[in-house]
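Trainee: This is the structure, below, for whatever I ask next.
Numbering (the working numbering), first residue to last: 1 to 284.
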């Protein structure tokens, strides 16, 4: 019998992916996790009924989460990176492509996600977990940013949606902890879901950012497996000039890095901040 795995995030909208083969399904200490193969999207991981990644399109999200902040900072200032969540290793893979990065710390609350990603999704991390510049810490991200003595040039929050264990990663306390752990200049990037389907998600983050950071903005990506319109990523920094790095300088940095990208380009970097009207209203 054919099995369809349903995404249950949206209260008035459902979609499903065909599971040609289920490799793993169980309740971890923190969330329900399933990994399965789909003929169109490749290998898919879902947490608590929400698609986290597929091997065919994960590069879009991971490139834009990583390269927008790091090319904005430039090689002289992009040396220490903190990733909250991201246990699949995709963001870490892209971050470590930057030769300027001296240290990359990944903090994820769920060891099972990290372990099963290594086992079933090695093409996502591509050896990043074994890079000597990388450290993986199994811990609560909220507690980590509140207590760490380290300071980072970029903090990238690659979380699930604000339900279940990730809900605390969209609170004032967490964002204030991130601001505390950032160097200046420094930048915080968070995922903020589908503004068409869940406008309050992005609006809430932008309202909190406005009281904590000097600069805030939204940029968009088009991710086929994030069903429901363009996907929002949020930018926050206490350096008001950082986001305005000229296109010519971004292009120069990208070319000098030699980093191959499939979605990210300097033009896309700048254009992603140009928002449709309904998203711009949520980002004020």
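Glycine included, every Cβ here is placed at the ideal spot set by N, Cα and C.
Report the rounded CA-to-CA distance for residue 44 versus residue 74, giving the unit in angstroms.
Mentor: As a position in the chain shown, residue 44 is number 44, starting the count at 1. As a position in the chain shown, residue 74 is number 74, starting the count at 1. Roughly 33 Å between the two C-alpha positions.
Trainee: Note down, in chain order, each residue of its chain lying with its Cβ closer than 8 Å to the Cβ of residue 212, except the 5 sequence neighbours on either side.
Mentor: Numbered from its first residue, the chain shown carries residue 212 at position 212. Excluding sequence neighbours, residue 212 sits near 172, 175, 176, 179 and 236.
Trainee: What are the boundary residues of the beta strand (DSSP E) that includes residue 263?
Mentor: Here residue 263 refers to the residue found at position 263 when the chain shown is read from its first residue. Looking at the DSSP string, residue 263 is not in any beta strand (DSSP E), and its letter there is neither H nor E.
Trainee: In this structure, how does DSSP classify residue 61 when only helix, strand and coil are distinguished?
Mentor: The residue you call residue 61 lines up with position 61 of the chain shown. Residue 61 falls in the helix class under three-state DSSP.
Trainee: According to DSSP, simplified to helix, strand and coil, what is residue 234?
Mentor: As a working mapping, residue 234 is identified with position 234 in the chain shown. The answer is strand: DSSP assigns residue 234 an E or B state.
Trainee: Please report the residue range of the beta strand (DSSP E) in which residue 103 lies.
Mentor: As a working note, residue 103 is residue 103 in the chain shown. Counting along the chain, the beta strand (DSSP E) containing residue 103 begins and ends at 103 to 108.
Trainee: May I have the straight-line CA-CA distance separating residue 292 from residue 25, to the nearest angstrom?
Mentor: Because the chain spans 1 through 284 in this model, residue 292 falls outside it and cannot be assessed.
Trainee: Determine, using beta-carbon pairs with one atom in the stretch 76 to 94 and one in the stretch 104 to 114, whether at least three such pairs fall under 8 Å.
Mentor: The stretch 76 to 94 vs the stretch 104 to 114: in contact.
Trainee: Among 132, 250 and 33, which has the Cα closest to the Cα of residue 104?
Mentor: Position 104 of the chain shown holds residue 104. For residue 104, the nearest C-alpha among the options comes from 132.
Trainee: If you draw a straight line from the C-alpha of residue 117 to the C-alpha of residue 37, how long is it?
Mentor: Mapped onto the chain shown, residue 117 falls at position 117. Mapped onto the chain shown, residue 37 falls at position 37. Taking the straight line from one Cα to the other gives about 14 Å.
Trainee: Determine which residues share a DSSP beta bridge with residue 54 and list them.
Mentor: Translated into the one-based positions of the chain shown, residue 54 becomes position 54. Bridge partners of residue 54: 44.
Trainee: Can you find the residues in the same chain that come closer than 7 Å, C-beta to C-beta, to residue 153, ignoring five residues on each side of it along the sequence?
Mentor: Mapped onto the chain shown, residue 153 falls at position 153. Here the set comprises 73, 77, 78, 79, 80, 81, 183 and 186.
Trainee: Using only CA atoms, which one of 279, 270, 278 and 284 lies nearest to residue 67?
Mentor: One-based indexing of the chain shown puts residue 67 at position 67. Of 279, 270, 278 and 284, the residue nearest in Cα terms is 270.
Trainee: Please classify residue 216 as buried or exposed, where buried requires at least 16 other C-beta atoms within 10 Å of its C-beta.
Mentor: Numbered from its first residue, the chain shown carries residue 216 at position 216. Counting Cβ neighbours within 10 Å, residue 216 comes out buried, since at least 16 surround it.
Trainee: Comparing C-alpha positions only, which one of 63, 145, 94 and 41 sits nearest to residue 263?
Mentor: Counted from its first residue, the chain shown places residue 263 at position 263. Cα-wise, what sits closest to residue 263 is 63.
Trainee: Tell me the DSSP secondary structure of residue 89 in three-state form.
Mentor: Residue numbering aside, residue 89 sits at position 89 when the chain shown is read from its first letter. Three-state DSSP puts residue 89 in coil, outside helix and strand.
Trainee: Cα-Cα, which of 140, 12 and 163 is closest to residue 50?
Mentor: Along the chain shown, one-based indexing puts residue 50 at 50. Closest by alpha carbon: 163.
Trainee: Can you tell me whether residue 31 is buried or exposed, with buried defined as 16 or more other CB within 10 angstroms of its CB?
Mentor: In the chain shown, counting from the first residue as 1, residue 31 sits at position 31. Buried, since its Cβ has 16 or more Cβ neighbours within 10 Å.
Trainee: Alpha carbon to alpha carbon, how far is residue 19 from residue 34?
Mentor: Along the chain shown, one-based indexing puts residue 19 at 19. Along the chain shown, one-based indexing puts residue 34 at 34. Near 10 Å, if we compare the C-alpha coordinates of residue 34 and residue 19.
Trainee: Would you mind giving the Cβ-Cβ distance between residue 169 and residue 142, rounded to the nearest angstrom? I have them listed as a contact below 8 Å.
Mentor: On the chain shown, position 169 is the one that residue 169 refers to. On the chain shown, position 142 is the one that residue 142 refers to. Going by Cβ atoms, the distance from residue 169 to residue 142 rounds to 7 Å, so yes, they are a contact pair.
Trainee: Cutting at 7 Å between CB atoms, please list the residues of its own chain near residue 161, excluding the five before and the five after it.
Mentor: As a working note, residue 161 is residue 161 in the chain shown. Same-chain partners within the cutoff: 9, 50 and 193.
Trainee: Going by C-alpha to C-alpha distance, which of 69, 6, 47 and 4 sits closest to residue 234?
Mentor: Indexing the chain shown from 1 puts residue 234 at position 234. Nearest option by C-alpha distance: 69.
Trainee: Going by C-alpha distance, which of 226, 254 and 231 is nearest residue 56?
Mentor: Looking up residue 56 in the chain shown gives position 56. Among 226, 254 and 231, the Cα nearest to that of residue 56 is on 226.
Trainee: Give the straight-line distance between the Cα atoms of residue 166 and residue 201, rounded to the nearest whole angstrom.
Mentor: Position 166 of the chain shown holds residue 166. Position 201 of the chain shown holds residue 201. Computed Cα separation, rounded: 13 Å.
Trainee: So, are the CB atoms of residue 266 and residue 242 less than 8 Å apart?
Mentor: Translated into the one-based positions of the chain shown, residue 266 becomes position 266. Translated into the one-based positions of the chain shown, residue 242 becomes position 242. Their beta carbons are not under 8 Å apart, which means residue 266 does not touch residue 242 by this criterion.
Trainee: Have a look at residue 48 and residue 252 and give me their C-alpha separation to the nearest angstrom.
Mentor: One-based indexing of the chain shown puts residue 48 at position 48. One-based indexing of the chain shown puts residue 252 at position 252. Each residue's Cα considered, the two are about 41 Å apart.
Trainee: State the CB to CB distance for the pair residue 137 and residue 84, rounded to an integer number of angstroms; the pair is presumed to be in contact (CB under 8 Å).
Mentor: On the chain shown, residue 137 is found 137 positions in, with the first residue counted as 1. On the chain shown, residue 84 is found 84 positions in, with the first residue counted as 1. Not a contact, Cβ separation roughly 10 Å.
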